[in-house]
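Colleague:
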Amino acid sequence: MSWIQSILYSADFPINGSLEVLRNRSITISKTGRFKAKSDYVQTPIPEAELEKILERFSKVEDGAISFEIMPHGGKMSRIPESSVPYPHRAGNIYKIQYYMYWYNGDGVEAADGYLNWLRGLYEYMTPYVSKNPREAYANYRDLDIGRNGRARSWGSSYYKNNFDRLVRVKTAVDPANFFRNEQSIPPLSSWR
1 MSWIQSILYS ADFPINGSLE VLRNRSITIS KTGRFKAKSD YVQTPIPEAE LEKILERFSK
61 VEDGAISFEI MPHGGKMSRI PESSVPYPHR AGNIYKIQYY MYWYNGDGVE AADGYLNWLR
121 GLYEYMTPYV SKNPREAYAN YRDLDIGRNG RARSWGSSYY KNNFDRLVRV KTAVDPANFF
181 RNEQSIPPLS SWR
């Protein structure tokens, strides 16, 4: 599968279909419905018996789908100093895990809460096997469960580790009015806590 075919596949389009579908901004990227993503970094191997228990949990998803992606780290990435670029998850991590929960049916808060609680339960279950102090997370999947603006330190260290303070200073210099923002954007010093 080529890289562009993987993009089509991830968006639930036919991999041999027209690439023009990616230029159409009026369609929803995920035709699968709603989803929630969470992430973790693993620094010591998870015992095989525990991996089997994790997979067993997947079989208990009643309606919806769970995706558990493992992305290797280490190697040459480990040689790049953590402070040289904003992405700090380098030395010490053997892989990153992305957890996705997709659901197709059920509108409303009650339906969503069931799926979200299942994923949060998996995330909690993984606590002994993943990074600690901080529990690291991948920034490009905003996980509002770990915090929102107003309490930036709660999520800033998970995403950026020791680079967070430096990124706050850059944000203050480049966007002091905080025009470019979302629920977990780097805050300027004037609003940082």
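So in UniProt numbering, spot 67 of the sequence shown is number 67, and the numbers just go up one at a time.
Note that the Cβ used here is the ideal one computed from N, Cα and C, for glycine as well.
Between K171 and P187, how many whole angstroms is the CB-CB distance? I'm expecting something under 8 Å.
Modeller: About 7 Å; that satisfies the 8 Å criterion.
Colleague: Rounded to the nearest angstrom, how far is the Cβ of I7 from that of L22, given a contact under 8 Å?
Modeller: Sure, about 7 Å apart at Cβ, within 8 Å.
Colleague: On a Cα-Cα basis, can you pick out the residue from G17, S39, A11, S18 that is closest to R135?
Modeller: The shortest C-alpha separation from R135 is found at S39.
Colleague: Should I97 go down as buried or exposed, given a rule of 16 or more other Cβ atoms within 10 Å for buried?
Modeller: Buried: at least 16 other Cβ atoms inside 10 Å.
Colleague: Hey, out of G75, G74, F58, whose CA is closest to S67's CA?
Modeller: For S67, the nearest C-alpha among the options comes from F58.
Colleague: Quick one: measure Cβ to Cβ for Y41 and S131, integer angstroms, because I've assumed they're closer than 8 Å.
Modeller: At roughly 4 Å, the Cβ-Cβ gap stays under 8 Å, so Y41 and S131 are in contact.
Colleague: Does the distance from the C-beta atom of G64 to that of Y125 stay below 7 Å?
Modeller: No, Cβ-Cβ distance for G64 and Y125 is not below 7 Å.
Colleague: CA-CA distance, L122 and I4?
Modeller: Each residue's Cα considered, the two are about 31 Å apart.
Colleague: Just to confirm the assignment, what range does the alpha helix (DSSP H) spanning F164 have?
Modeller: F164 -> alpha helix (DSSP H) spans 164-174.
Colleague: Please state if the CB of I70 and the CB of Y87 are separated by a distance shorter than 7 Å.
Modeller: Result no, Cβ atoms of Y87 and I70 do not sit closer than 7 Å.
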